[in-house]
Amino acid sequence: MGWLEKISQLDRRWIFLLMAIAVVVPLLLPLNLPFEVSAPVQNIYDKIEALPANSYIFISADYDPASEPELQPFLKAVLKHAFRKDLKVVIVSLWPNAPSLVINALDEVGVKEFGKVKNKDFCYLGYKAGAQLVILNLGEDLYKGASTDYDGTDTREIPLLKGIRNLNDFEVIVTISAGVPGTREYVQFVQARYGLDVCSACTAVSAPDFYPYYQAKQLFGLAGGMKGAAEYEKAIGVDGKATSGMVAQNFAHLLIILAIVLANIAYFVTSKEKS
Amino acid sequence: MKKNGPLILVIVVGFFMVLEYFIPHHFVQVPADTILEWGKVIAGATIMLGIYSLVHVNVPTVLKRKKDWQYKLVLLLGFFTMLILSLWGKDVGTPFDYVFMNLMRPMGATMFALLAFYIASAAFRSFRARSFEATLMLIAAIVVMLGRVPLGELIFNPIVGAISSAFGTDATIVDVMEWIMNVPNLAGKRAVLIGAALGVISTSLRIILGLERSYMGGD
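Top line first, the protein sequences correspond to chains A and B.
The numbering of the first sequence is the numbering used here, which starts it at 681 and goes up by one.
The numbering of the second sequence is the numbering used here, which starts it at 35 and goes up by one.
Take a look at the structure:
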């Protein structure tokens, strides 16, 4: 049996081992590879950067711990950007496992790093059940969509929300989405209906699904996966978790490409020999 | 009434939700807003129903030591532990937050991370250039993967740059990836989206008009 035939019949546990090495070892090395900020991510940065202080941005954090490594860095980066510019941030979640991730990000970035005050500079409405219905409600009347915040405070009593009626009062809507409900629902029920400025940070696997919305300008910006988050971190000049995570992703992608190329060479050579 | 009740409800709700989009008059808006409120209440009630179902299905299995009862016990313990811990609040630093961030979070991330191993194995075992179409897909996949990581840019930008300069352009691997995403991928996605949207519209109309009744368990 030639080495190519051996490769074509390689036990998948070897692939698992190589993948583990490709992911773990680069994380231990001080590698920092240069990359460019793509246009869809730059658009998000430019839009938020152009907002005057005290403008309102609305973030829908719709993900869970499974997609946290890809999406949490983007939430932190966009919070840093917003707080640095003294923007007012209102967040909601349509996924039940998102709240703990969001409050930790707000605590780390908002309270500890920028000294922002809850319900004065930012407000978290918590998880709201009802998916598309919540989006529709928020579009009509924010207080119907979210009558209380994460702590159970009446949203009409929150100082930050004084003067806010519905999603029309926000300059930018950022959806951080790992699936349904998420970006697609915001495009359908908010952008298409009210013509608001919506952008998306989504998992890498769902990014191709949202390119039609980006090209149709229904999304003014799109940050796909950890790369998108890393690009946003670069745009705001921060070395965050996404930037460091890209090192592992580099080698993981290269390993997959190498595996595909090797497997195809082995396939062609061995099938030629057989025929 | 057992059949006509749900049918009338669907027709009325569907009718108002469609009209609400086009007619900004209180005659339509007020009932539509009320329906949205009902929807939220129903969504909240389904969570209660889910909790009841979880307990109703799993508790007897554990008590009677049926197949896989151990897993169901872990599920129930996890559920009630989080429920009880939430009584002390859900803010940062509370026991609920501690358990979520140190158990639920790493376990969730671990489950998703396993995908990397399975994708690598699946790509190695089944991604073959057996036909022209498969070869195109394979090349596109490789270019997109390379364009998504800095190392891909670092290694392949000089190669892509050299090829593109021969054609009088100045492209990078990211440009090629963006082209794949913005042109062939977009065309395919749009075709699927428009097809699916037309299907949704026709099915929704059939449901609203009472022609499609399979959602009630009938034919």
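We treat Cβ as the ideally placed atom computed from N, Cα and C, and that holds for glycine.
Keep in mind that this is a model prediction, so the values were computed, not measured.
Just verifying my parser: in three-state terms, what is the DSSP assignment at A/Thr833? coil
Any beta strand (DSSP E) of 3 or more consecutive residues that is wholly inside the stretch 703 to 759 of chain A: 736 to 742
By the criterion of Cβ-Cβ separation under 8 Å, what are the contact partners of B/Gly232 in chain A? Sequence inspection shows Leu at residue 232 of chain B; the Gly mentioned does not correspond to that position. Against chain A, a Cβ distance below 8 Å from B/Leu232 picks out nothing, because the smallest value is about 15 Å.
Give me the Cβ distance between B/Ile153 and A/Ile936, rounded to the nearest whole Å; I'm assuming they're in contact under 8 Å. 7 Å
Report the three-state DSSP secondary structure of B/Ser255 (helix, strand or coil). In the structure as shown, chain B begins at 35 and stops at 253. Residue 255 of chain B is therefore absent and cannot be evaluated.
Could you tell me whether any Cβ in chain B is nearer than 8 Å to the Cβ of A/Leu713? Proximity of A/Leu713 to chain B, defined by a Cβ-Cβ separation below 8 Å, is satisfied.
Taking beta-carbon pairs under 7 Å, can you tell me which members of the stretch 780 to 807 of chain A lie near chain B? Ser780, Ile783, Asn784, Asp787
Just grab the DSSP bridge partners of A/Ala881 for me. A/Ile856, A/Ala903
In the DSSP assignment, what residue or residues form a beta bridge with A/Lys768? A/Tyr736
Using alpha carbons as the reference points, say which of A/Ile940, A/Asn848, A/Tyr894 lies closest to A/Arg864. That would be A/Tyr894, whose Cα lies nearest to the Cα of A/Arg864.
Counting only beta-carbon atoms, is A/Ile936 nearer than 8 Å to chain B? yes
Return the residues of the stretch 815 to 845 of chain A that lie within a Cβ-Cβ distance of less than 9 Å from chain B, sorted by chain order. Near chain B, meaning a CB-to-CB distance below 9 Å, the residues of the stretch 815 to 845 of chain A are Leu816, Asn817, Glu820, Asp821, Lys824, Gly825, Tyr830, Asp831.
Just checking my contact of A/Ala785 with A/Ala909 at CB under 8 Å: how many whole Å lie between their CB atoms? That belief does not hold up - the Cβ atoms of A/Ala785 and A/Ala909 are roughly 12 Å apart, past 8 Å.
Starting from A/Tyr807, follow its DSSP beta bridges and name the residues at the other end. According to DSSP, A/Tyr807 bridges with A/Ser773.
Please classify A/Asn930 as buried or exposed, where buried requires at least 16 neighbouring CB atoms within 10 angstroms. buried
Is the Cβ-Cβ distance between B/Leu227 and A/Pro888 less than 8 Å? no
Alpha-carbon to alpha-carbon, B/Met35 and B/Arg247: 14 Å
For the alpha helix (DSSP H) containing A/Phe850, list its first residue and its last residue. Bounds of any alpha helix (DSSP H) do not take in A/Phe850, whose DSSP letter is neither H nor E.
A/Thr835 versus A/Lys842: straight-line alpha-carbon distance, rounded: 9 Å
Does the beta carbon of B/Phe146 come closer than 8 Å to any beta carbon on chain A? yes
Apart from the five residues just before and just after A/Asp744, which ones in its own chain have a Cβ nearer than 7 Å to its Cβ? Trp775, Asn777, Ala778, Ala858
I want to see whether chain B comes within less than 8 Å of A/Leu684, judged by CB atoms only; does it? no
Would you mind working out which of B/Arg182, B/Pro65, B/Ile42 sits nearest B/Met51, comparing C-alpha positions? B/Pro65
Which residues in chain B have a C-beta closer than 7 Å to the C-beta of A/Gln895? List them in chain order. Asn216, Leu220
Quick check on A/Met926: buried or exposed, where buried means 16 or more other Cβ atoms within 10 Å of its Cβ? buried
What does the Cβ neighbour count give for B/His5, buried or exposed, with the cut at 16 atoms within 10 Å? Nothing can be reported for residue 5 of chain B, as the shown portion of chain B is limited to 35 through 253.
When the cut-off is 8 Å and only beta carbons count, does A/Asn944 lie next to chain B? yes
Any Cβ of chain B within less than 8 Å of the Cβ of A/Leu847? With 8 Å as the cut-off, A/Leu847 does not count as an interface residue toward chain B.
Tell me, please, which residues DSSP counts as bridged to A/Phe802. A/Val769, A/Lys798
According to DSSP, residues forming a beta bridge with A/Thr828: A/Asp834
Would a C-beta distance cut-off of 8 Å place A/Ala881 and B/Ala157 closer than the cut-off? no
Closer than 7 Å by beta-carbon distance: list the chain B residues that pair up with A/Gly917, in chain order. Close to A/Gly917, with beta-carbon spacing below 7 Å, lies no residue of chain B; the smallest spacing is near 17 Å.
With a threshold of 16 other CB atoms inside 10 Å of the CB of A/Val867, please say whether the residue is buried or exposed. buried
Got a sec: is the Cβ-Cβ distance from B/Pro184 to anything in chain A below 8 Å? Yes, because at least one Cβ of chain A sits closer than 8 Å to the Cβ of B/Pro184.
Complete beta strand (DSSP E) runs within the stretch 91 to 118 of chain B (minimum length 3 residues, chain order): none
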